[in-house]
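*Asks:* Structure incoming, see below.
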Amino acid sequence: MFIDEATIRVFAGDGGNGCVAFRREKFVPRGGPSGGDGGRGGSVYLESSENLNTLLKFRYNPEFRAERGGHGEGSDCHGRDGEDLVITVPVGTVALDPATREMLWDFSAAGQRFLAARGGHGGRGNARFATSTHQAPRTAEPGQPGEKRELLLELKLLADVGLVGFPNVGKSSLISRLSAARPRIADYPFTTLEPCLGVVALDEERSFVMADIPGLIAGAHEGRGLGDRFLKHLERTRVLLHLIDVAEHSGRDPVEDYATIMKELVNFSPTVAAKPMLMVASRVDAVGDSHRLFTLREFCRAEGLELHEISSVTGEGLEELKRALWKKLAETPKIPAADERIPATFRNPTL
Ligand code: GDP
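To convert, note that position 18 of the sequence shown is 22 in this note's numbering; the numbers rise steadily by one, no gaps.
Take a look at the structure:
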């Protein structure tokens, strides 16, 4: 299981101060008190959205402040209310108290709102303190401070993109080159075959998870060392990225490599093998006389496969590849996440 985590701090706005003022009009001596109330401070809400996949944006920006309320003014003018701040989080996010790990909110569907910090009340102006016996009060209240709080957000991640290919074709290099962050790996049933994964970002809002699928070849489909959970995990992958090494010294035949991997995939799981797939010619910086690359190009053209040529060393083709993957993901429906919540056992502090 992959878990993305982020700690954020939220600050609601303070209430505005009440005002002390007296009416001053020509020919009206001793006009009464006219200080208005302060405005309410803005509150901070978290709201779940289908359009986010990871908690990456919170690493860039972990602090959120709602607007404070305006102060009251003379002539009974009420201060302006501060605007509320709404922070979007991906569906599936769980908000916890960082100290106790108590669960505060579980965003199980899109459009749910959680009041994370309440804005402070505005103070009353002196107009409110006038009584029949005390007609010229000089008292007004200060605004109340807005709530502030630290929240731990957790999200169980699914690998949106699964990498397949022979060992040493450059899968982990590609992941580390593209990753903006590495999620925590929890509860993996096998220790020797820990998947390599990373969060890939196009920008702050658009990100996806890419994972290597370890030990796929050489009998992996027989399930040696791989738990059911691993297979299930793979089945949740939406797009496959198939890497073929075209470097000169590899001495490999790209078309044969493709066929071998596809055969393993089908044996492993026909559902996985049928996923939308992009092809990658890897290590193009070391292509030498290029005949492997030409063969692969020809083959992909004939088979109607989309081919990207990349090098994790020079960075060639990586931006285009990121965009192409995002496009493919956008075209591929999300798998319902109902049973993909973090089970309660993983929320306890001993983890
Ligand atoms: P994996 O087993 O598929 O994860 O492959 P790795 O990412 O570990 O890469 C295998 C070897 O190829 C390593 O020695 C890398 O440094 C090298 N490598 C990876 N990507 C490139 C590349 O784009 N160009 C070159 N020249 N070497 C690469």
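Even for Gly, the Cβ is constructed at its ideal location relative to N, Cα and C.
(1) Pick from Val250, His125, Thr143: whose alpha carbon is nearest that of arginine 287?
(2) Anyone know if the C-beta pair for aspartate 8 and threonine 58 falls short of 8 Å?
(3) Should glycine 169 be listed as close to the ligand GDP, given that the test is whether its C-beta is under 7 Å from any heavy atom?
(4) Grab me the residues of aspartate 164's own chain with a C-beta within less than 6 Å of its C-beta, minus the 5 sequence neighbours each way, in chain order.
(5) Do you know whose CA, among Leu60, Asp88, Glu71, lies nearest proline 94's CA?
(6) Considering alanine 10, what are the terminal residues of the alpha helix (DSSP H) in which it resides?
(7) Keeping to the same chain, check which residues put their C-beta closer than 7 Å to that of serine 183; ignore five residues upstream and five downstream.
(8) Count the C-beta pairs between the segment 104-120 and the segment 33-52 that are closer than 8 Å, then say yes if the count reaches three, no if not.
(9) Is the segment 311-321 in contact with the segment 172-183, if contact means three or more CB pairs nearer than 8 Å?
(10) Roughly how many whole angstroms lie between the Cα atoms of leucine 155 and glutamate 71?
(11) Spell out a yes or no on whether the segment 268-275 and the segment 293-309 are touching, meaning 3 or more CB-CB pairs, one atom from each, closer than 8 Å.
(12) For phenylalanine 68, list the residues DSSP reports as bridge partners.
(13) Distance, Cα to Cα, arginine 13 vs alanine 215?
(14) Would you check if the distance between the CB atom of glutamine 148 and the CB atom of glycine 124 is smaller than 8 Å?
(15) Using the C-alpha atoms, what's the distance from leucine 162 back to alanine 285?
(16) What three-state label does DSSP hand valine 270 in the structure shown?
(17) For glycine 127, collect the residues of the same chain with a Cβ closer than 8 Å to its Cβ; drop the 5 residues on either side in sequence, then sort them by chain order.
(18) Under the assumption that glycine 17 contacts glycine 86 (Cβ atoms under 8 Å), give the Cβ distance between them as a whole number of angstroms.
(19) Which same chain residues end up closer than 6 Å to valine 90 when comparing Cβ atoms and leaving out the 5 residues on each side of it in sequence?
(20) Locate the alpha helix (DSSP H) running through alanine 251, then write down its first and last residues.
(21) From which residue to which residue does the alpha helix (DSSP H) around lysine 332 run?
(22) Return the chain-ordered list of same chain residues with a C-beta closer than 7 Å to the C-beta of cysteine 81, the five sequence neighbours on each side being excluded.
(23) Where does glutamate 151 land, buried or exposed, given buried means 16+ other C-beta within 10 angstroms?
*Replies:* Here's the rundown:
(1) Your numbering for residue 287 matches position 283 in the sequence shown. Residue Val250 is the option with its Cα nearest to arginine 287.
(2) For this step, residue 8 is matched to residue 4 along the sequence shown. For this step, residue 58 is matched to residue 54 along the sequence shown. It is a contact, given that the beta carbons lie within the stated cut-off.
(3) Residue numbering aside, residue 169 sits at position 165 when the sequence shown is read from its first letter. Within the cutoff, so yes.
(4) On the sequence shown, residue 164 is found 160 positions in, with the first residue counted as 1. So the qualifying residues of the chain are Phe212, Val213, Arg242, Leu333.
(5) As a position in the sequence shown, residue 94 is number 90, starting the count at 1. For the residues Leu60, Asp88, Glu71, the minimum Cα distance to proline 94 belongs to Leu60.
(6) Residue mapping note: residue 10 aligns to position 6 of the sequence shown, counting from 1. Run containing alanine 10: none in the alpha helix (DSSP H); it sits in the beta strand (DSSP E), 6-15.
(7) Position 179 of the sequence shown, counted from the first residue, corresponds to residue 183. Excluding positions up to five away in sequence, the list reads Gly202, Val203, Val204.
(8) yes
(9) yes
(10) What you label residue 155 is simply residue 151 of the sequence shown in a count that begins at 1. What you label residue 71 is simply residue 67 of the sequence shown in a count that begins at 1. Those two C-alpha atoms are separated by around 19 Å.
(11) no
(12) Residue 68 sits at position 64 when you count from the first residue of the sequence shown. BP columns for phenylalanine 68 point to Val14.
(13) Position 9 of the sequence shown, counting from 1, holds the residue named residue 13. Position 211 of the sequence shown, counting from 1, holds the residue named residue 215. Arginine 13 and alanine 215: Cα-Cα distance of roughly 30 Å.
(14) In the sequence shown, counting from the first residue as 1, residue 148 sits at position 144. In the sequence shown, counting from the first residue as 1, residue 124 sits at position 120. In this structure, glycine 124 lies closer than 8 Å to glutamine 148 by Cβ.
(15) In the sequence shown, the residue the question calls residue 285 occupies position 281. In the sequence shown, the residue the question calls residue 162 occupies position 158. When only Cα atoms are considered, alanine 285 and leucine 162 end up about 25 Å apart.
(16) Counted from its first residue, the sequence shown places residue 270 at position 266. Three-state DSSP puts valine 270 in a helix.
(17) Translated into the one-based positions of the sequence shown, residue 127 becomes position 123. Taken in chain order, the residues that qualify are Gly19, Gly20, Asn21, Gly22, Asp41, Gly42, Gly76, Ala144, Glu145, Pro146, Gly147, Gln148.
(18) Within the sequence shown, the letter at position 13 stands for residue 17. Within the sequence shown, the letter at position 82 stands for residue 86. The Cβ separation is near 4 Å, so the contact holds.
(19) One-based indexing of the sequence shown puts residue 90 at position 86. Taking C-beta separations shorter than 6 Å and ignoring five residues to either side along the sequence, the partners of valine 90 in its chain run Tyr49, Glu51, following chain order.
(20) Looking up residue 251 in the sequence shown gives position 247. Segment: none, alanine 251 is in no alpha helix (DSSP H) and carries neither H nor E.
(21) The residue given as residue 332 occupies position 328 in the sequence shown. Note, lysine 332: alpha helix (DSSP H), 322-335.
(22) Residue numbering aside, residue 81 sits at position 77 when the sequence shown is read from its first letter. Closer than 7 Å at the Cβ level, and outside the excluded window around cysteine 81, lie Gly40.
(23) If you number the sequence shown from 1, residue 151 lands on position 147. So glutamate 151 counts as buried.
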